[in-house]
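2 protein chains.
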Amino acid sequence: MTTTPTTPHDPAAPRSRRALRPDDGRLVRGRKARSRIREAALALFRERGFDGATLRAIGARAGMGASSIYRHVESKEELLIDELAARQEEAWMRFRKGDDRRLPVRERLGRFLELEHALLAQDADFTTIALRASTQPEARVAKRVLALQDRTIGLVAEILQGGKLRGELARGLDLLAASRAIVHVLAGARIPWANGLVSAEGCRASIAAALDVLFSGLAAR
Amino acid sequence: MTTTPTTPHDPAAPRSRRALRPDDGRLVRGRKARSRIREAALALFRERGFDGATLRAIGARAGMGASSIYRHVESKEELLIDELAARQEEAWMRFRKGDDRRLPVRERLGRFLELEHALLAQDADFTTIALRASTQPEARVAKRVLALQDRTIGLVAEILQGGKLRGELARGLDLLAASRAIVHVLAGARIPWANGLVSAEGCRASIAAALDVLFSGLAAR
DNA sequence: GCGTGCGCGGGGACAAGATCGCATAGAACC
DNA sequence: GGTTCTATGCGATCTTGTCCCCGCGCACGC
Chain V
1 MTTTPTTPHD PAAPRSRRAL RPDDGRLVRG RKARSRIREA ALALFRERGF DGATLRAIGA
61 RAGMGASSIY RHVESKEELL IDELAARQEE AWMRFRKGDD RRLPVRERLG RFLELEHALL
121 AQDADFTTIA LRASTQPEAR VAKRVLALQD RTIGLVAEIL QGGKLRGELA RGLDLLAASR
181 AIVHVLAGAR IPWANGLVSA EGCRASIAAA LDVLFSGLAA R
Chain B
222 MTTTPTTPHD PAAPRSRRAL RPDDGRLVRG RKARSRIREA ALALFRERGF DGATLRAIGA
282 RAGMGASSIY RHVESKEELL IDELAARQEE AWMRFRKGDD RRLPVRERLG RFLELEHALL
342 AQDADFTTIA LRASTQPEAR VAKRVLALQD RTIGLVAEIL QGGKLRGELA RGLDLLAASR
402 AIVHVLAGAR IPWANGLVSA EGCRASIAAA LDVLFSGLAA R
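Going down the list, the protein sequences come from chains V and B. Using our numbering, you'd call the opening residue of the first sequence number 1 and step up by one each time. Using our numbering, you'd call the opening residue of the second sequence number 222 and step up by one each time.
Structure, rendered in structure tokens:
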């Protein structure tokens, strides 16, 4: 997915001339440090929100100075994206586990969105930050967020595909465009909620209404 | 629109016990300063982009120190929101001027989106920043962006309404939900473009495809 | 055993947005 | 004319993400 893997200091793929053995003490220490950082960051995000969680505080909780965090991470946003990616993964796994391809598309889609929503609703910050990250000039982070979104779109497309095969969907339907539209509408509906302008219930209702519109279409029949 | 007008230092509505006459020298000076700031900010945004335009630089060009800017503005984002609002206003005016209510909805909508897009496409920064602003914890800015978006949604709803009256749209259509969906899809489609992951043409195509989907609907007929 | 290379951690510095307390100046009121 | 009130302006300072450079310590080849 990433078009430029030539990052000089990418900790995941060090460009050392002589490859280190994966059980090298230094690498092991590094991995432990990374997981400490992730834990600390997540806890502090929960406690104080993304902006409230200072890198210095995260560093302190992880047992290191703030600047050392940059040995393992390229930016603060990346910490949150890591977490977001992990949660997405989990939500998708959970979806697949309970998924039944014989159900009507509408229902499968509903279940998927339900899980996706539950995932993000855990912290309102996630919606906010994922979006903000996608608007950061630092390309690396934005691209990761968009890649995640692309995967979501892909999953939705897969679900729709099932429905299309069984004739539940319009024949000429552009699956990709449709999936994109669904995902975008979801994101758009969540923004006012993340800003506290709409209740969780209002957000859900808005999404449901949008799905109705999407399924039946605007044009007169 | 704003639910909390009790800001202690809101320059637009000072809560002085004794109201100042609008031609009070201080107020006049303040107005001039504000417009100088706006000019300087806009010019620098154009020259160096939002992040490249330092508050200190803006202040210098406006003939004052950076900190003084905060006498007139609550945050850097607000400067850009001002500009965005002005452009929205202009785009809407231009739309209304050339609008013909007898045209098919689809066409009217297309023209509207065209103008809206031309407006934002002037600087890719606008899409990015408007979106980023809507994710800022500072409620004031986020709310202004969302209010702008709400107005856009309202305008789209108005356009759709015309089509509905003439039977071009589905009878049971939820106009508000539909308008929201359209605007959200637009925003969603613009994000990858603003990040340079999709060409302007790709973005436009994606929007067109989404509109197709929206109009004809997902479900089989 | 011993240099050597490399990953890691830290202190300090920097940039830029934001805040604070003080100074100024002009208007209003006596 | 003097006092007071208040919008404006400024310099210093704070905060926080990020960068730079140094020292440490461990693994590896000799």
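Backbone N, C-alpha and C define an ideal beta-carbon position, used for all residues, glycine too.
1) Name the residue from V:47, V:67, V:49 and V:89 whose alpha carbon lies nearest to the alpha carbon of residue 55 of chain V.
2) Answer with buried or exposed for residue 90 of chain V, where buried requires no fewer than 16 other C-beta atoms within 10 angstroms of its C-beta.
3) Spell out the partners DSSP gives residue 219 of chain V in its beta bridges.
4) Just how far apart, CA to CA, sit residue 181 of chain V and residue 65 of chain V?
5) If the cut is a Cβ gap below 7 angstroms, which residues of chain V does residue 353 of chain B touch?
6) What does residue 72 of chain V reach in chain B if we use C-beta pairs closer than 7 angstroms?
7) Does the beta carbon of residue 145 of chain V sit closer than 7 angstroms to a beta carbon anywhere in chain B?
8) Would residue 355 of chain B be called buried (16 or more neighbouring beta carbons within 10 Å of its own) or exposed?
9) Using a Cβ-Cβ cut-off of 8 angstroms (strictly less than) and excluding sequence neighbours within five positions of residue 146 of chain V, which residues of its own chain qualify?
10) If contact means a Cβ-Cβ distance below 8 angstroms, which residues of the segment 182 to 205 of chain V contact chain B?
11) Rounded to a whole number of angstroms, what is the C-alpha to C-alpha distance between residue 384 of chain B and residue 397 of chain B?
12) Looking at the secondary structure, which residues open and close the alpha helix (DSSP H) in which residue 323 of chain B lies?
13) May I have the straight-line CA-CA distance separating residue 299 of chain B from residue 362 of chain B, to the nearest angstrom?
14) To the nearest angstrom, how far is the alpha carbon of residue 206 of chain V from that of residue 382 of chain B?
15) So the candidates are B:438, B:404 and B:260; which of them puts its Cα closest to the Cα of residue 375 of chain B?
16) Once the 5 residues before and after residue 326 of chain B are set aside, which same chain residues still bring their CB inside 7 angstroms of it?
17) Could you tell me whether any Cβ in chain B is nearer than 7 angstroms to the Cβ of residue 112 of chain V?
18) Looking only at its chain, what residues have a beta carbon closer than 8 angstroms to the beta carbon of residue 43 of chain V, apart from the 5 residues adjacent to it on each side?
19) Give a yes or no on whether the minimum CB-CB distance between residue 41 of chain V and chain B is below 7 angstroms.
20) Tell me whether residue 135 of chain V sits in a helix, a strand or coil according to DSSP, three-state version.
21) Does residue 395 of chain B get closer than 7 angstroms to chain V when you measure Cβ to Cβ?
22) Quick test of the definition: if touching needs 3 or more C-beta pairs under 8 angstroms, does the segment 308 to 322 of chain B touch the segment 339 to 349 of chain B?
23) Look up residue 184 of chain V in the DSSP assignment and say whether it is helix, strand or coil.
24) Please report the distance separating the alpha-carbon of residue 216 of chain V from that of residue 178 of chain V.
25) Quick one: what does DSSP say residue 314 of chain B is sitting in, helix, strand or coil?
26) Assuming residue 94 of chain V and residue 115 of chain V are in contact, meaning their beta carbons sit under 8 angstroms apart, how far apart are those beta carbons, in whole angstroms?
According to the structure shown:
1) V:67
2) exposed
3) B:390
4) 44 angstroms
5) 132 and 135
6) Ordered by position in chain B, no residue passes the 7 angstroms Cβ test against residue 72 of chain V, which lies about 25 angstroms from the chain.
7) no
8) buried
9) 134
10) 183, 184, 185, 187, 188, 189, 191, 192, 194, 195, 196 and 197
11) 14 angstroms
12) Here residue 323 of chain B belongs to no alpha helix (DSSP H), and DSSP marks it neither H nor E.
13) 6 angstroms
14) 19 angstroms
15) B:404
16) 380, 381, 383, 384, 389 and 390
17) no
18) 61
19) no
20) coil
21) yes
22) yes
23) helix
24) 13 angstroms
25) helix
26) 6 angstroms
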